[in-house]
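Here the protein sequences line up with chains C and R, keeping their order.
FYI, my numbering numbers position 14 of the first sequence as 108, with every residue one higher than the one before it.
FYI, my numbering numbers position 288 of the second sequence as 1079, with every residue one higher than the one before it.
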Amino acid sequence: MRKALFIVSILLFSILFFIPLIYALSNADIAVISDILNDNYLKHVIAFTFKQALISSIISLAVGLPGSWILSHIDFKLNKTIKTIYYIPYVLPSILVVLGFVIFYGNTGILSKILGRNIHFLYSFKAVIAAHVFFNFPIVANIVSEKWQSLDNSIEDEARCSGVSEFLIFKQITLPRLRPAIISSMILVFLFCFTSFAIILVLGGGPSLSTIEVEIYKLSRITFNIPKAASLSVISLLSALIIVFLYSLFDYGTHTEENSSSVKVPLRKLSDIKRLLVIIYLIVSTLYIVLPVLGIFVRSFDFDSLHSLSITAVSNTVFCALISSFISIFIASSICSVIKDNNKSLLSSVLMIPMATSSIILGLGYFIISSFNLQIPDYILIVLCHGVLNSPYALRSILPVYRSIPRDTIQAAELDGYSDFSIFLRLEIPYIKSSLVSAYMFCFALSCGELNSTLMIAKSDFLTIPLQIQRMIAAYNYKGACAMGSILVIMSAAIFALSQIIKDRRSDYS
Amino acid sequence: MKKSLVLFAIILSLFPSCKKPINKKSLNVYCYDSFTGDYGPGEKLAREFEEETGIHVNLISCAGSVQLYSKLLFEGDKCIADVVIGLPDSIKIDENLFYSWIPTCKDDLVSYNSDKLIPFNYGVFAFVFNSENKSVPAPTSLKDLAEDIYKDKFILVDPRTSSVGLGLLKWSKECIEDYDNWWSKVLDNALTVADSWSTAYGLFLENEAPLVISYTTSPVYHIENENKDVYKALEFKEGHVATEEYLAIMQKSNQKEEAERFCEYILTKGQKDIALSNTMYPANINTELPASYNTLINPVVLKTDNKEFIENTDSYLTEWTNLAVK
């Protein structure tokens, strides 16, 4: 039975992911790819995609590194609150970030009103970079701080006692051990920025600030030039694969586990200047995240905006999220049940591929399928696409818990003569139940906020909350967009908070 | 078990109710988004037509008019449209897709050059200015927009995705001698180049910039619906160019009779709503225009060779995108 579920999951994953991807890429043409690489405009688009991703990554790293030091070295009262706030960009749908930026940083936005003058910030390169940094500096801060906290500081302490300067200690002792975490966070940030869509679509300033993903969208959904969209998708995927390959070449840092001996220093024990700098950093970084989101709520408190609330969009969003999340956890848990004993499973790597694949390209594949005369409603395709896109997140959530099931408990059940299916149903499933629920909720939140693939697949009369927000922004109905945005923020926050409570309860229990 | 049943019931109740199968007895009408939007004439026209004739109209929004035509080509045999409203006059259109018919009000239309593509409204391109924004004086010519004082002061629309953007391209081709330099400077000065007219106009109404490319008739909406006359269309020294938008009946439609009735309605009784809510000049010259139309500018409209422009649209767009990324 376990094997049957596993085979069904593999088949489901293959059908839902590889088939649309193959359809998307198979419409590419060598001649068209050659035309693209000789087209002045598209060459500029490709170059700009790399340029903005690189600059965004570097700035995210520069902004995130101080935060990672603070989170791993300083003990302060609001440590947990700051960490939670740093998670907001991670779970916030990109269309909400865009909306928050328009409301807060727009020419007549909240910041302009506070400063008493119009600020020209949006629809420019700096707005794109700023929005990317908003999303990504917390990722750098969280990933690097986790690694930094796990380091054995006794080496640094010995060097300090020998009179070595802090700068040399950091450069020659700490940095090489932090390098894998820094590089992996930079690669992640680079890939996110490389495949960025909503931010470029709205906050960019036109053709000079367009990226590959935006062009794929325009070519497929506005001019319906599928061969060109598919050819550009091939270039995008190959570029992403080269980046990941280069990462693996440069990933020669130490991966040895260390016995962490780090003890956090209380904030009050820092020197005055250091304490001031830490406080300034925490306040500025927190406000940077929170203010645009608050702006959405402030702007939505308007009775005029109530009539823009679309119950249909909310119910469609919940419908897609409810079913797609089942698909995600079914695929993830069935595969986990088989690979749990294998620490370096090729299959778990394969299941991660959707994370690295642009949702625009996968959406293109589903859009091509929708154009065949198969009478599959677009909302079914959206559900299937979300299901497979979010399955890696479900896997990452469920697999560690699955692997933590005590081996001797399983062996005892086997010795007592229980069948493999009984063990799966009566032992493993109850054990991982909390992680299943929290993974479900996380996938639910992700599906609620997913815009890119939905925009590619949905016909004009099917609305979800992110689609409606995007259309309202495009139709200058900012009040309505904020009203819908507030609903999405509340839904995402509530679901994410609940999933964290269940996760924490699970770790308390174990 | 109970919980599963409750969950199943919730899922069933949420089944996309908006996705009713399109009633095969309804007329499917493809149109651009501002026609079907909250402020457009589409919903009212469809409702009144149904009350009069009993024929239900499904309005299907297709973003801008450029996307509207691309969608028809892409869908090919799978296209479900009976009627298309909003085809632009600035791109090459294959008339074989459409059905030939003669409206009874043919002689009342401002122009009539084809039995397949019938104009239902027309407009004159102009920059609209927010007179409450005192940051810059109103420009008096296209050439002014290349001046430094207009940096970040106007919003343009992408000609690759919008007929309004194409309109400015055509206008500049007619009037600007130093075309490359002018566009280089104008693209540098523009606050942003939006994908669609709706987005550009929305940014303008949000006061992101005091100027936007639009039509001479755009102020009508604000005068009629908001009692605001701060938005002014500007008359430029070089003269202006005009544009027509067409409606057409699909050759494949198996409801041609119903389609003709709806199109006749748009071209006669529907013209007043076109004037009021689509804020374009109605093609039927017998339409009584709202009083607010008397306040509009009547600029010199240049006679242009539309066929020549259409033949060269692709190369003009390539030229424009190369200038945009220089």
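Heads up, the beta-carbon is just placed ideally off N, CA and C, and yes, glycines get one too.
Close beta carbons around residue i, own chain, < 7 Å, minus the five adjacent residues each side
i                 : result
Ser541 (chain C)  : Cys414, Ala415, Ser418, Ser419, His480 and Asn484
Glu1029 (chain R) : Ser932, Leu933 and Cys966
Ile584 (chain C)  : none
Asn814 (chain R)  : Low confidence applies here, because Asn814 (chain R) scores a pLDDT of 49, under 50, leaving its location unreliable and the question unanswered by this model.
Ala552 (chain C)  : Asp472, Ile476 and Leu561
Which residues DSSP lists as bridging residue i, in chain order
i                 : result
Leu763 (chain R)  : Chain R is shown from 792 up to 1117; residue 763 (chain R) falls before or after that span and cannot be answered.
Ser419 (chain C)  : According to DSSP, Ser419 (chain C) bridges with nothing at all.
Cys822 (chain R)  : R:Ser852 and R:Ile876
Thr983 (chain R)  : R:Ile946
Asn912 (chain R)  : R:Glu1036 and R:Pro1073
Phe889 (chain R)  : R:Met1041
Val1092 (chain R) : R:His1031
Ile168 (chain C)  : C:Val359
Leu475 (chain C)  : Paired residue(s): none; Leu475 (chain C) is not in a bridge.
Leu900 (chain R)  : R:Asn1075
Chain-ordered neighbours of residue i on chain C, where CB pairs are closer than 7 Å
i                : result
Ala917 (chain R) : Those do not exist, as Ala917 (chain R) stays about 19 Å from chain C at its closest Cβ, beyond 7 Å.
Leu982 (chain R) : Tyr217
Gln858 (chain R) : Ile316
Phe865 (chain R) : Phe318
Thr844 (chain R) : Ordered by position in chain C, no residue passes the 7 Å Cβ test against Thr844 (chain R), which lies about 23 Å from the chain.
Test: residue i CB closer than 8 Å to a CB of chain C
i                 : result
Ser1106 (chain R) : no
Lys862 (chain R)  : yes
Asn921 (chain R)  : no
Ala1115 (chain R) : yes
Ser1068 (chain R) : no
Thr1008 (chain R) : no
Ser989 (chain R)  : yes
Phe945 (chain R)  : no
Asp758 (chain R)  : The structure shown has nothing for residue 758 (chain R), since chain R only spans 792 to 1117.
Thr1112 (chain R) : yes
Cross-chain neighbours of residue i in chain R, by beta carbon under 9 Å
i                : result
Tyr572 (chain C) : Gly993 and Glu997
Asn132 (chain C) : Within 9 Å Cβ-Cβ: nothing; Asn132 (chain C) doesn't reach chain R, min ~12 Å.
Asn201 (chain C) : Asp943, Leu982, Leu994, Glu997, Asn998, Glu999 and Ala1000
Any chain R beta carbon closer than 8 Å to residue i
i                : result
Lys145 (chain C) : no
Asn85 (chain C)  : Here chain C has residues from 95 to 604 only, and residue 85 (chain C) is not among them.
Ser593 (chain C) : no
His214 (chain C) : yes
Ser418 (chain C) : no
Asp555 (chain C) : yes
Thr289 (chain C) : no
His480 (chain C) : no
Tyr135 (chain C) : yes
Chain R contact residues for residue i, given Cβ-Cβ distances below 7 Å
i                : result
Lys312 (chain C) : Thr952
Ser302 (chain C) : Ala1115 and Val1116
His167 (chain C) : None at all; the shortest Cβ gap to chain R is about 43 Å.
Close Cβ partners of residue i (< 6 Å) along its chain, the five nearest in sequence each way excluded
i                 : result
Pro270 (chain C)  : none
Leu1080 (chain R) : Ala1066
Ser360 (chain C)  : Ser is not the amino acid found at residue 360 (chain C); the sequence shown has Pro there. Result list for Pro360 (chain C): Asp169, in chain order.
Phe229 (chain C)  : Pro183
Asn745 (chain R)  : Here chain R has residues from 792 to 1117 only, and residue 745 (chain R) is not among them.
Pro232 (chain C)  : Tyr180 and Pro183
Cβ shell of residue i (< 8 Å), same chain only, five flanking positions each side left out
i                 : result
Leu818 (chain R)  : Ile846, His847, Val848, Asn849, Asp873, Val874, Gln1046, Glu1049, Ala1050 and Phe1053
Gln1042 (chain R) : Asn887, Leu888, Phe889 and Tyr890
His349 (chain C)  : Only weak support exists for where His349 (chain C) lies, its pLDDT of 49 falling under 50; the coordinates are left without a value.
Glu1055 (chain R) : Pro894, Thr895 and Cys896
Val1092 (chain R) : Val915, Gly1030, His1031, Val1032 and Ala1033
8 Å Cβ cut-off: residues of chain C touching residue i
i                : result
Gly828 (chain R) : Ala569
Any non-hydrogen atom of the ligand ATP within 7 Å of residue i CB
i                : result
Ile940 (chain R) : As for the ligand ATP, it is missing from this structure, which has no ligand bound.
Per-residue contacts from residue i into chain R (C-beta, under 8 Å)
i                : result
His226 (chain C) : In chain order: nothing, as chain R lies at least about 18 Å away.
Chain-ordered chain C contacts of residue i [CB-CB under 9 Å]
i                : result
Ala854 (chain R) : Arg315, Ile316, Ser554 and Ala568
Could you name each continuous alpha helix (DSSP H) segment of 4 residues or more that falls completely within the region 552 to 592 of chain C, going from the start of the chain to the end? Listed in chain order, the complete alpha helix (DSSP H) runs (minimum 4 residues) inside the region 552 to 592 of chain C are 559 to 568.
Would you mind listing the beta strand (DSSP E) stretches within the region 996 to 1051 of chain R that are 3+ residues and don't spill past its ends, in chain order? 1002 to 1006, 1022 to 1024 and 1033 to 1040
Segments of 4+ residues assigned as alpha helix (DSSP H) that fall wholly inside the region 479 to 541 of chain C: For the region 479 to 541 of chain C, whole alpha helix (DSSP H) runs of length 4 or above, ordered along the chain, are 485 to 497, 501 to 509 and 514 to 517.
Start-end ranges of the alpha helix (DSSP H) lying completely within the region 248 to 330 of chain C, minimum 4 residues: 248 to 255, 260 to 263, 269 to 288, 292 to 297 and 306 to 315
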